[in-house]
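A.B. asks:
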Amino acid sequence: MISFQPTEEEQAFFQVARSLAVEKIRPAARECEKRRTVSADLIARVNELGLSALELPELWGGLELPLLSQAIIWQGLSYGDLGVIQGLPGAGEASSLFRLSSEHRAWHRYREIAKGGQWPTVAWVDEAEQKEPLKQPIRVRRRGSGYVVDGVSSPVRLASKADWVVIAARDEEETVLLALDERVWEIEEGDIRLGLLASGIARLRFAEVYAGPEQLVARGPEADAWLNRVRARNQVIEAAKEVGLMEAALDYTIEYTAGRKAFGQEIAKFQGVSFTIAEMAFACRGAKCLVWQAASAVDRGDEQADGFAWRALACAHRSLRYVTDQAVQMLGGHGYVQEYPVEKWMRDAEAQVMLYGRERDWLIRRGEQLLSERKERVAP
Amino acid sequence: MISFTLSPQQKQMKELVHWFAKHEVRPIALEADRLGRVPDEWLEKVNKMGIQLNASSFSGGRAPSVSDKKKEKKEREGNRIAVIAAEELAWGCPAVALSLPGPGLGGPPVQSSGTPEQKQRFLSIFTKDEPRWGAYALTEPEAGSDASGIRTTARKVDGGYVLNGQKIFITNGARASWVVVFATIDPSLGRAGHRAFVVEKGTPGFTATRTVQKMGLRANETAELLFEDCFVPDDNLLGGEELYSANANRPSGFQVAMKTFDSTRPIVAAMAVGIARAAYEYTLEVVKREYPRQGRLYYEAAELLAEAEQEIEAARLLTWEAAWKADIGEPNAMEAAICKAVAGKMALHVCAMCLELLGPAGLDGHLVEKLYRDVKVFDIFEGTQQIQRLVTARRLYAPYGVHV
């Protein structure tokens, strides 16, 4: 039955997330950005509420929530500030892999360390696909029963804080998934100024790093299968965060334009403003629907779930860029200066979109999937 | 619980209406467009099949097209079923769908505001063997989107009212057995002066002056109606005098008109989704069949098709959300406006992308070019794109006490 009614549990979670977002996260956002890290008390609060373990397996003490519930919670949290959210330490994007391979021996040590209640920070480096033209893929070669990793990654979040790195790459033949720890990499901080500055974005350099067989998580078809599922889950989570940010930008802009006066009246009364606000609302709501739908498809195990995730992320990317840009536009000069949050949100949005795959790539991939489907022919 | 899967009843309705749209509607779509009308024998046939644009569906009680008397409802899902069915019908052909016999847009105001006697009198005629239509007349030459500015007057006389004025763009207006007509008892009262009447065909002083030629929806009749000293008895005042006296200072007639939109805008949005889907599905098959399997053209096509599919899906979900809200009895005016605005714009965009993918070959007696002509009005009627933005913005600013 078609319904848009979250469960009571989801509503309760959402309320907790929203309150934290508004009361704690947003007020701390500028300072976190300036210090390029999330403050310790904020991290402690998030951990205390269990929000860093939403996707982690129950077997490990995680919440292992349905993806739809997570989408709603991430939406609520990112309403505060996406830069802060992306800088929260912990398992990050690797959570989905942990969930799917919770008993794998590659994680034994990780789990041991995590028993103190702190999840070591993991950077997620997925270079198994050459999509971005500017990417120099990380090289992985077999040596004996292990692998040698070489090269520099694209910028990824949590890199500068990582205790572990999970790498998806290709050797000469197949996809390989490796789990590295003990800081066998170097961090290249670079000169990143666009956005998500508290999220620890950096490149990781691997100089002939050897990964033994115990660090091999999977290879070949098994690695591909896991990766596909992990990517779909992560795409939905990232798209949900994007919805949270765009809702923040929309609501802030509504409030600002309702109060700001020019030419003797609230600027909201000019249709150039109010119509833009309506358009922003359309974009937010459309993206939210597609994200919820994709999340629900993943939870159901729908065979098209990956395609739903691609289109949800493509839509979220487009909507996020549009809404945050218009938020700056509607605030005029105030939008551009740092006394107001919207210029940061626009920068964060653009950085987020760059990190999580080009809209066009997701569309083409979904298009290829649609073109390969078999369906009844429609008469003209 | 959030869910995007259809209930068994919704699924059954979707399949049934799709079957009808595919086997009965689609085959006559291009010919009906060329002729500028739907063949009478076809209308008689579908009327005998019991298929019509059903009044109660629009108020949330029933599906819009197929009567199903044995339905037992646990949760009210009429609005959801209505949008699902409307999408399928429009997928077949929107012009033919809007020409189906039934009360059409006249249904909701009768259903929601009519007295029991009026409901019985006006809605029972649709159970007859021969095809019958109802219509809804709000727009005037000087009052379209600004429905509060209507000038058709209703002068109180002994035993009834005398109507004078002109209505334009009335769907099925000339063939309708009755028309819900909005008029004002006193223009100086503004919205509070509005009244809704049911005017029956053949009433002296009521004439359909002409049917207009349009860019699209050519198979569907759009009429101009003229009221010249047209006497309408008190019994035809929708809801009776009590409705208006009980709300002496409130704009009831106007509300009747506006309330209609909350249930019909999602239907119109759903139809736009159905049209876009028809164009998209057709084009997808053409690309599969005709395009090279690699190279620039192929990837461009893949991207455009995926964009189309994404936009269609987003508009559909927004439409479902508006219908769901109506079903659970929550105010849905903003959601209804949003889905209408998004779907109307989306559908034109998708049809244009499909034409681009088809190239010049798509010009020649082609379904997609017809859909492109048809779909533009979905961005106009039932409130233009601009009106939907206004409705949305007003609600977004309401908490701040700013009236935009």
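Chain order of the listed sequences is A and B. Mapping of the first sequence onto the numbering used here: position 171 corresponds to residue 201, and the numbering continues sequentially without gaps. Mapping of the second sequence onto the numbering used here: position 98 corresponds to residue 347, and the numbering continues sequentially without gaps. Ideal Cβ placement from N, Cα and C applies to all residues, glycine included.
#1: How should A:D336 be labelled, buried or exposed, when 16 other C-beta atoms within 10 angstroms of its C-beta is the threshold for buried?
#2: Counting only Cβ pairs nearer than 8 Å, list the residues of chain B close to A:L400.
#3: Tell me whether B:H615 sits in a helix, a strand or coil according to DSSP, three-state version.
#4: At what residues does the beta strand (DSSP E) containing A:D71 begin and finish?
#5: Taking only the alpha-carbon atoms, compute the straight-line gap between B:R622 and B:L466 and give it to the nearest angstrom.
#6: Can you round the beta-carbon distance between A:L246 and A:Y352 to whole angstroms, since I take them to be within the 8 Å contact cut?
#7: For chain B, check one thing: does any of its Cβ atoms lie closer than 8 Å to the Cβ of A:C314?
#8: Can you name, in chain order, every residue of its own chain whose Cβ lies under 8 Å from the Cβ of A:R341, other than the five neighbours on each side?
#9: Work out the CA separation of A:S99 and A:Q35 for me, nearest whole Å.
#10: Use the C-beta contact count for A:F293: other C-beta atoms within 10 angstroms, 16 or more gives buried, fewer gives exposed.
#11: Would DSSP call A:R56 helix, strand or coil?
#12: Please list the residues of the region 260–274 of chain B that have a C-beta atom closer than 9 Å to any C-beta atom in chain A, keeping them in chain order.
#13: To the nearest whole angstrom, what separates the beta carbons of B:N421 and B:A384, a pair I think is in contact under 8 Å?
#14: Going by other Cβ atoms of all chains shown within 10 Å of its Cβ, with 16 needed for buried, is B:T254 buried or exposed?
#15: If you draw a straight line from the C-alpha of B:F371 to the C-alpha of B:M595, how long is it?
#16: If the cut-off is 7 Å on Cβ atoms, which residues from the region 635–647 of chain B count as contacting chain A, listed in chain order?
#17: Flag A:K271 as yes if its beta-carbon sits less than 8 Å from any beta-carbon of chain B, otherwise no.
#18: Mind checking if B:M250 is an interface residue toward chain A, Cβ cutoff 8 Å exclusive?
#19: Alpha helix (DSSP H) containing B:Q637: first to last residue?
#20: Grouping DSSP H, G and I as helix and E and B as strand, with all else coil, what is B:N421?
#21: With C-beta atoms as the reference, is B:S348 less than 8 Å away from B:N469?
#22: Closer than 7 Å, Cβ to any Cβ of chain A: which residues of the region 561–589 of chain B, in chain order?
#23: Alpha carbon to alpha carbon, how far is B:R509 from B:S426?
#24: Just to confirm, is the Cβ distance from A:L400 to B:L533 under 8 Å?
#25: For the alpha helix (DSSP H) containing B:E264, name the first residue and the last one.
#26: With 16 other CB atoms within 10 Å as the buried threshold, where does A:H347 fall?
#27: Kindly indicate which residue of B:V295, B:I251, B:Q261 has the alpha-carbon position closest to the one of B:H272.
#28: Using a Cβ-Cβ cut-off of 7 Å (strictly less than) and excluding sequence neighbours within five positions of A:A241, which residues of its own chain qualify?
#29: Can you give me, in chain order, the residues of the region 509–538 of chain B that have a beta carbon less than 7 Å from any beta carbon in chain A?
#30: Is B:V599 close to chain A, meaning its C-beta is less than 8 Å from at least one C-beta of that chain?
#31: Does DSSP put A:Y240 in a helix, a strand or coil?
#32: For B:V624, decide whether its Cβ has a neighbour in chain A, counting only Cβ atoms nearer than 8 Å.
#33: Below 8 Å between beta carbons is the criterion; list the residues of the region 326–357 of chain B that meet it against any residue of chain A, in chain order.
#34: By a C-beta neighbour count over all protein chains shown, 10 Å radius and 16 as the cutoff for buried, is B:T513 buried or exposed?
#35: In whole angstroms, give me the CA-to-CA distance for A:R129 and A:W137.
#36: With distances taken from CA atoms, which of A:V170, A:R187, A:L227, A:E216 is nearest A:R12?
C.D. replies: Based on what the coordinates show:
#1: If you draw a 10 Å sphere on the C-beta of A:D336, you find 16 or more other C-beta atoms in it, and that means buried.
#2: Neighbours of A:L400 on chain B, chain order: L533, A551, L554, A555, E558.
#3: Under the three-state reduction of DSSP, B:H615 is assigned to coil, being neither helix nor strand.
#4: First-last for A:D71: 70–78, but that is the alpha helix (DSSP H), not the beta strand (DSSP E).
#5: Distance between the alpha carbons of B:R622 and B:L466 is about 7 Å.
#6: The C-beta separation of A:L246 from A:Y352 comes to about 42 Å, leaving the pair out of contact by the 8 Å criterion.
#7: A:C314 does not count as touching chain B.
#8: Same-chain partners within the cutoff: L320, A324, W392, L393, R396.
#9: Looking at the backbone, the Cα of A:Q35 and that of A:S99 are separated by about 12 Å.
#10: The residue in question, A:F293, is exposed, as its Cβ has fewer than 16 Cβ neighbours within 10 Å.
#11: Here A:R56 sits in helix by DSSP.
#12: Residues K271.
#13: Indeed they touch by this definition, with Cβ atoms about 5 Å apart.
#14: Of the residues assessed, B:T254 falls on the exposed side of the cut-off, its CB having fewer than 16 other CB atoms within 10 angstroms.
#15: One Cα belongs to B:F371, the other to B:M595, and the distance between them is close to 36 Å.
#16: Flagged, chain order: R638, T641, A642, L645, Y646.
#17: So no, A:K271 is outside the interface.
#18: Yes - at least one Cβ of chain A is within 8 Å of the one on B:M250.
#19: Taken as a continuous stretch (DSSP letters only), the alpha helix (DSSP H) holding B:Q637 covers 634–646.
#20: B:N421: coil per DSSP, three-state reduction.
#21: Cβ distance < 8 Å, so B:S348 and B:N469 count as in contact.
#22: So the list reads E562, A563, L566, L567, W569, E570, W573, I587, given in the order they occur along the chain.
#23: Note that residue 509 of chain B is Thr in the sequence shown, not Arg. Roughly 20 Å between the two C-alpha positions.
#24: Yes, the pair counts as a contact, with Cβ atoms nearer than the cut-off.
#25: Where B:E264 is concerned, the enclosing alpha helix (DSSP H) stretches over 257–269.
#26: Under this definition A:H347 is a buried residue.
#27: Residue B:V295 is the option with its Cα nearest to B:H272.
#28: Apart from sequence neighbours up to five positions away, the residues of its chain that approach A:A241 with a beta-carbon distance below 7 Å are G176, Y177, V179, L208, L210, ordered along the chain.
#29: Answer set for the region 509–538 of chain B: E530, Y531, L533, E534, V536, K537.
#30: False, the Cβ-Cβ gap to chain A never drops below 8 Å.
#31: In this structure, A:Y240 counts as strand in the three-state DSSP scheme.
#32: Judged by the 8 Å Cβ criterion, B:V624 is not in contact with chain A.
#33: Flagged, chain order: E326, R329.
#34: Under a 10 Å Cβ-count criterion, B:T513 is classified as buried, with 16 or more other Cβ atoms of the shown protein chains found around its own Cβ.
#35: Spanning the two alpha carbons is a distance of roughly 11 Å.
#36: Summary: the structure shown does not reach residue 12 of chain A, with chain A confined to residues 31 through 410, and so no result is reported for it.
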